[in-house]
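Numbering (my numbering), first residue to last: 61 to 416.
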Ligand code: CUA
């Protein structure tokens, strides 16, 4: 091919119509897919709707932009590709195009400002706190959650699971005992990182009675995937009677935490086992737990002495069960648990794992 003909071909008008058609079809398919995919679990808070709508709007706007860019790039690569005989030729000189440059700067700028404003308004809306808030302190630790409710005489009552009344705004105060965790109930949509030493807060209003998973959304160690819990949204009347039972200490599984203000029964080893988060990582038939991050205690502690059990709690790296790694179990239980609770825990584990 002569260079004359090549230049001629390159100066010829390009037919953009196929590109536009392909782009429009691809955009429509992309938007349809983006809207049809069931991204979210059931929405169970008054904040969820605004968050979901924001997501769908962002999908509907960003899919066509992605398709536009990808289509223009692919079309140009195909249409203006180098053909045999053109290796040494240069393309026609380009001197810039002011109108085009203004357009491709102004449109993205307007889109960005518009979407940021919209996102900011949604954030402002979902962060609004209501009147008559229920305050719940959420404590994360490797690898379990504990929930503290305001109790009588300024004391707190702890629960290993989260219970909330429907229709009342609740403020979570998030705290961590060790590393960064992230408290997330996907059905409520909102989540925040918990940084040790800082009280992190957010509020939501549950709207649908039901049981929802709680997830830790920050990689926090080997047991991260097991750091799950359950949130129960109850009718207000059921919640009130539940709280009365919790205050009276009559709720199975709810026991003392290690907060200085709570008043756990110092002899209830099983409650201490649950509230200390042991169930998240260890299997123990007596406590109904099935954790697999750490050794199975039914078999691992069988026939072991109380002294061995105590050492395994306060100095977990002293003896490592084959197949497990050192450094996984927190080493601060001696500081977290008052001596009476530690004794009760050792006694409980010793009695339920007696050889047999
Ligand atoms: Cu806690 Cu991941």
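Note that beta-carbon positions come from the ideal geometry of N, C-alpha and C, so glycine has one too.
- Query: Going along the chain, which residues of its own chain have a beta-carbon closer than 8 Å to the beta-carbon of residue 87, five neighbours each way excluded?
  - Reply: Sequence-distant Cβ neighbours of residue 87 in its own chain, meaning closer than 8 Å and more than five residues away, are 123, 124, 127 and 128.
- Task: Assign residue 318 to one of three DSSP states: helix, strand, or coil.
- Result: Since pLDDT at residue 318 reaches only 38, below the 50 mark, its modelled position is unreliable, and the value read off the structure follows with that caveat. In the structure shown, residue 318 sits in coil (DSSP, three-state: anything other than H, G, I, E or B).
- Message: Ignoring anything shorter than 4 residues, give me the alpha helix (DSSP H) runs that lie fully in the segment 146 to 190, in order along the chain.
- Response: 158 to 186
- Go through the segment 281 to 313 residue by residue and report every complete run of the alpha helix (DSSP H) that reaches 4 residues or more, in order. 296 to 307
- For residue 362, the three-state DSSP class (helix, strand or coil): coil
- Comparing alpha-carbon positions, which option in 299, 203 and 243 lies nearest residue 255? 243
- Which residues in the same chain as residue 201 place their Cβ atom closer than 6 Å to its Cβ, once the five residues preceding and following it in sequence are excluded? Only 237, 238 and 337 meet the Cβ criterion.
- Could you have a look at residue 255 and say whether DSSP puts it in helix, strand or coil? coil
- Message: Tell me which residue opens and which closes the alpha helix (DSSP H) that residue 82 is part of.
- Response: 77 to 96
- Query: residue 341: which of 286, 112, 378 and 383 sits nearest, CA to CA?
  - Reply: Put simply, of 286, 112, 378 and 383 the residue whose alpha carbon is nearest the alpha carbon of residue 341 is 286.
- Task: Keeping to the same chain, check which residues put their C-beta closer than 7 Å to that of residue 185; ignore five residues upstream and five downstream.
- Result: 110
- Shortest alpha-carbon distance to residue 95 belongs to which of 405, 355 and 121? 121
- Query: What is the rounded straight-line gap between the Cα of residue 89 and the Cα of residue 352?
  - Reply: The straight-line gap from Cα to Cα measures roughly 43 Å.
- Across which residues does DSSP place residue 198 in a beta bridge pair? 207 and 234
- Message: Three Cβ pairs or more, each shorter than 8 Å: is that satisfied between the segment 221 to 238 and the segment 261 to 271?
- Response: Here the segment 221 to 238 makes contact with the segment 261 to 271; the two share three or more CB pairs at distances below 8 Å.
- Task: Can you say whether residue 139 is buried or exposed, counting buried as having 16 or more other CB atoms within 10 angstroms of its CB?
- Result: exposed
- Message: Going by beta-carbon coordinates alone, are residue 410 and residue 366 separated by less than 7 Å?
- Response: yes
- What is the rounded straight-line gap between the Cα of residue 313 and the Cα of residue 383? Any reading at residue 313 must be qualified, since the residue scores a pLDDT of 44, below 50, and its modelled position is unreliable; the value itself is stated next. CA-CA distance, residue 313 to residue 383, rounds to 30 Å.
- Does the Cβ of residue 287 lie closer than 6 Å to at least one heavy atom of the ligand CUA? yes
- Task: Find the nearest neighbour of residue 197 within the set 176, 233, 166 and 170, judged by alpha-carbon distance.
- Result: 233
- Can you tell me the Cα-Cα spacing of residue 157 and residue 167, whole angstroms? 16 Å
- residue 112 (DSSP reduced to helix, strand or coil): For residue 112, the three-state secondary structure derived from DSSP is helix.
- Message: With H, G and I counted as helix, E and B as strand and the rest as coil, what does DSSP make of residue 379?
- Response: coil
- Message: Can you give me the C-alpha to C-alpha distance between residue 240 and residue 283, rounded to a whole angstrom?
- Response: 13 Å
- Query: Quick one, are the C-beta atoms of residue 104 and residue 247 less than 7 Å apart?
  - Reply: yes
- Query: For residue 249, does the count of other Cβ atoms within 10 angstroms reach 16, so buried, or fall short, so exposed?
  - Reply: Residue environment analysis places residue 249 among the buried positions, since at least 16 neighbouring C-beta atoms fall within 10 angstroms of its C-beta.
- Query: Assuming residue 270 and residue 222 make a contact with CB atoms under 8 Å, what is their CB distance in whole Å?
  - Reply: 12 Å between Cβ atoms; not a contact.
- Item | Distance, residue 92 Cα to residue 257 Cα | 45 Å
- Could you tell me whether any non-hydrogen atom of the ligand CUA is closer than 6 Å to the CB of residue 341? no
- Task: Alpha carbon to alpha carbon, how far is residue 294 from residue 209? Give it in angstroms, no decimals.
- Result: 15 Å
- Would you grab the beta carbon distance between residue 496 and residue 260 for me? Rounded to a whole angstrom, and I think it's under 8 Å. Since the first residue of the chain shown is 61 and the last is 416, residue 496 is not available in this structure.
- Item | Close-in-space but distant-in-sequence residues of the same chain around residue 192 (CB under 6 Å, 5 per side omitted) | In the same chain as residue 192, and ignoring 5 residues on each side of it, no C-beta atom comes closer than 6 Å to its own.
- Excluding sequence positions up to five away, which residues of its chain have a Cβ less than 7 Å from the Cβ of residue 358? 343, 344, 345 and 413
- For residue 336, three-class secondary structure by DSSP: coil
- Task: Report the rounded CA-to-CA distance for residue 187 versus residue 84, giving the unit in angstroms.
- Result: 37 Å
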